[in-house]
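Colleague: Residue numbers (our numbering): 118 to 389. Just so you know, even glycine gets a beta-carbon here, dropped at the ideal spot from N, CA and C.
(1) Would you list, in sequence order, the uninterrupted beta strand (DSSP E) runs of no fewer than 3 residues that lie entirely inside the segment 236-292?
(2) Counting Cβ pairs, one atom from each stretch, are 3 or more of them under 8 angstroms apart for the segment 264-280 and the segment 209-227?
(3) In terms of residue numbering, what span does the beta strand (DSSP E) encompassing residue 221 cover?
(4) Are the CB atoms of residue 211 and residue 185 within a distance shorter than 9 angstroms?
(5) Please say whether residue 191 and residue 157 have beta carbons closer to each other than 9 angstroms?
(6) Would residue 328 and residue 296 be called neighbours here (beta carbons separated by less than 9 angstroms)?
(7) Just to check my reading of the structure: residue 357 and residue 370 have Cβ atoms closer than 8 angstroms, yes? What is that Cβ distance to the nearest angstrom?
(8) Compare the C-alpha of residue 263 against each of 242, 247, 331 and name the closest.
(9) Under a Cβ-count criterion, where at least 16 other Cβ atoms within 10 Å of its own Cβ denotes burial, should residue 136 be classed as buried or exposed?
(10) Give the DSSP bridge partners of residue 328, in chain order.
(11) Can you tell which of 377, 372, 380, 367 has the C-alpha that lies nearest to the C-alpha of residue 128?
(12) Keeping to the same chain, check which residues put their C-beta closer than 7 angstroms to that of residue 251; ignore five residues upstream and five downstream.
(13) Anyone know if the C-beta pair for residue 149 and residue 168 falls short of 9 angstroms?
(14) With C-beta atoms as the reference, is residue 292 less than 9 angstroms away from residue 308?
(15) Skipping 5 residues on each side, what residues in its chain have a beta carbon closer than 7 angstroms to that of residue 277?
(16) If you drop the 5 nearest sequence neighbours on each side, which residues of the same chain put their C-beta closer than 6 angstroms to that of residue 175?
(17) Which residue from 311, 304, 333 puts its Cα closest to that of residue 340?
(18) Based on the DSSP secondary-structure assignment, which residues constitute the bridge partners of residue 348?
(19) Under a Cβ-count criterion, where at least 16 other Cβ atoms within 10 Å of its own Cβ denotes burial, should residue 256 be classed as buried or exposed?
(20) Rounded to the nearest angstrom, how far is the Cβ of residue 365 from that of residue 378, given a contact under 8 angstroms?
(21) Assign residue 183 to one of two classes, buried (16 or more other C-beta atoms within 10 Å of its C-beta) or exposed (fewer than that).
(22) From the DSSP secondary-structure annotation, give me the bridge partner or partners of residue 309.
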């Protein structure tokens with residue numbers, strides 16, 4: 118399920134030669150976890166899809182705190198002011214949890230549901246509107262329906278089309294990475310430059326990919342099967358940096374380059 122760029126900082130803390138091992142701190146909670154987002158303070162935000170809740174997990178903590186109730190939350194991002202944005206999977210809505218604790222509807226759009234979220238360094242919010250086969254861009258400081266920045270030309274595999282886009286990420290230049298996951302056709306990653314009307318296919322041939330992230334060096338991470346694959350910028354060749362998981366559906370990196378991985382069907386998340 119979805120997400121965002123791993124870092125919005127100008128100095129990248131993620132080495133291009135970074136490696137991780139499979140020795141994890143495993144934390145069980147929730148019912149059917151969907152995604153994890155790490156903010157600039159290394160606080161983790163985790164969505165519990167079937168439990169209809171969003172958790173906040175402080176660094177080095179042993180217990181999480183419920184911060185919001187939402188309808189089948191599929192993704193979460195946090196802006197630089199600490200406001201939390203939550204995609205409600207079965208509704209075409211994003212909720213906003215303000216820093217004062219108020220929970221309100223940030224936006225509602227036509228369609229069957231929102232899915233993935235991403236946020237850029239300017240606090241612009243991106244939402245994958247999977248039913249309408251498009252990605253929307255919204256300002257975090259203004260209400261509204263947003264602007265279409267990718268797709269929106271019907272379902273298909275042409276360069277100006279998407280077909281069930283679920284997860285999205287945005288890099289420091291504003292380029293979008295879209296996991297286009299029509300189960301009967303597209304299983305591809307599209308790169309959509311800022312302001313472009315068409316996308317470029319970066320990766321194809323994935324078997325049931327679940328999520329993607331991009332780090333501050335524009336390395337792409339995709340969860341596929343029981344693995345987390347890492348792709349150099351604009352490369353089609355990924356290597357498994359983590360393997361042997363059950364069903365990883367989301368990853369994020371903190372400031373120390375620890376990798377947080379949601380393992381959905383085991384209802385746990387791992388810190389590696």
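Modeller: Let me spell this out:
(1) Uninterrupted beta strand (DSSP E) stretches at least 3 residues long and entirely within the segment 236-292 occur at 241-246, 251-256, 264-268, 282-287, given in chain order.
(2) Using a C-beta cut-off of 8 angstroms, the segment 264-280 makes no contact with the segment 209-227, since fewer than three inter-stretch Cβ pairs fall below that distance.
(3) Here residue 221 refers to the residue found at position 104 of the chain shown. 220-225 is the span of the beta strand (DSSP E), which, as asked, contains residue 221.
(4) Against the chain shown, residue 185 aligns to sequence position 68. Against the chain shown, residue 211 aligns to sequence position 94. Contact: no.
(5) Your numbering for residue 157 matches position 40 in the chain shown. Your numbering for residue 191 matches position 74 in the chain shown. No, they are not a contact pair.
(6) Numbered from its first residue, the chain shown carries residue 328 at position 211. Numbered from its first residue, the chain shown carries residue 296 at position 179. Taking 9 angstroms as the Cβ cut-off, residue 328 and residue 296 qualify as a contacting pair.
(7) Numbered from its first residue, the chain shown carries residue 357 at position 240. Numbered from its first residue, the chain shown carries residue 370 at position 253. That pair is no contact at about 16 angstroms.
(8) Counting from one through the chain shown, the residue named residue 263 turns up at place 146. That would be 242, whose Cα lies nearest to the Cα of residue 263.
(9) As a working mapping, residue 136 is identified with position 19 in the chain shown. Exposed: under 16 other Cβ atoms inside 10 Å.
(10) As a first step, residue 328 must be located in the chain shown, where it is residue number 211. Residue 328 is bridged to 340.
(11) Taking the first residue of the chain shown as position 1, residue 128 is located at position 11. The shortest Cα separation from residue 128 among 377, 372, 380, 367 belongs to 372.
(12) Here residue 251 refers to the residue found at position 134 of the chain shown. Its chain contains 265, 267, 268, 269, 279 as the residues whose beta carbon lies nearer than 7 angstroms to that of residue 251, once the 5 sequence neighbours on both sides are disregarded; these appear in chain order.
(13) Here residue 149 corresponds to residue number 32 of the chain shown, with the count starting at 1. Here residue 168 corresponds to residue number 51 of the chain shown, with the count starting at 1. When the beta-carbon positions are compared, residue 149 and residue 168 come within less than 9 angstroms of each other.
(14) By one-based count along the chain shown, residue 292 stands at place 175. By one-based count along the chain shown, residue 308 stands at place 191. Yes, they are a contact pair.
(15) On the chain shown, residue 277 is found 160 positions in, with the first residue counted as 1. Cβ within range, chain order: 270, 314, 315.
(16) Here residue 175 refers to the residue found at position 58 of the chain shown. Closer than 6 angstroms at the Cβ level, and outside the excluded window around residue 175, lie 160.
(17) As a working mapping, residue 340 is identified with position 223 in the chain shown. It is 304 whose Cα lies nearest to the Cα of residue 340.
(18) By 1-based counting over the chain shown, the position of residue 348 is 231. Residue 348 pairs with 337.
(19) Taking the first residue of the chain shown as position 1, residue 256 is located at position 139. Burial check for residue 256: the Cβ neighbour count within 10 Å stays below 16, so the residue is exposed.
(20) Numbered from 1 along the chain shown, position 248 holds the residue referred to as residue 365. Numbered from 1 along the chain shown, position 261 holds the residue referred to as residue 378. Between residue 378 and residue 365 the Cβ distance is about 5 angstroms, and since that is below 8 angstroms, they are a contact.
(21) For this step, residue 183 is matched to residue 66 along the chain shown. Residue 183 counts as exposed, since fewer than 16 other C-beta atoms from the protein chains shown sit within 10 angstroms of its C-beta.
(22) Stepping through the chain shown from its first residue, residue 309 is reached at position 192. DSSP, once it has assigned bridges, lists 293 as partnering residue 309.
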